Amino acid sequence: MSALIIIRIEVLNPSELKNYQDIAPGIIAKYKGKLVVRGGELISLEGLEEKRRIVVLEFPSLEEAKTFYYSDEYEKAIKLRKDVANFEMIAIDCIN
Numbered sequence: 080m081s082a083l084i085i086i087r088i089e090v091l092n093p094s095e096l097k098n099y100q101d102i103a104p105g106i107i108a109k110y111k112g113k114l115v116v117r118g119g120e121l122i123s124l125e126g127l128e129e130k131r132r133i134v135v136l137e138f139p140s141l142e143e144a145k146t147f148y149y150s151d152e153y154e155k156a157i158k159l160r161k162d163v164a165n166f167e168m169i170a171i172d173c174i175n
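Laid out in structure tokens, this is it:
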């Protein structure tokens, strides 16, 4: 069963976040993930207006999503974004 990682990002320093953005896609791909949504137009249909950037990643399973997140490579990437953006991330199984 595939799984998604859904990320909401408040960007504090766009130029510094680029260091993270340059390496993250390669790490995602290494762990069998793919970008499904990266930015783009966002329309709030209900509730509060969402002003954060939305990113959605798809992995073959929840276990592989966790393996990606806890990998040594991604731990290093997290350090690049720690002070330049606030991330909220969840992982969830898809209905297949």
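The sequence shown stops at residue 175 when you use the working numbering, and every number in between is there.
Idealized CB from N, CA, C, for every residue including glycine.
Every value quoted in this text rests on a predicted model; they were computed, and no experiment measured them.
query                                                                                                                     : result
R117 at chain B interface by Cβ criterion, 9 Å                                                                            : Absent here is chain B; the protein component of the structure consists of one chain.
Which listed residue (G118, Y110 and K109) has its alpha carbon closest to that of I86                                    : G118
Beta-carbon contacts of L96 that lie in its chain and below 7 Å, excluding the five residues immediately before and after : V90, R160, V163 and A164
Spatial distance of E142 from M80 (CA atoms)                                                                              : 10 Å
Inter-residue spacing [alpha-carbon to alpha-carbon] between Y99 and E152                                                 : 11 Å
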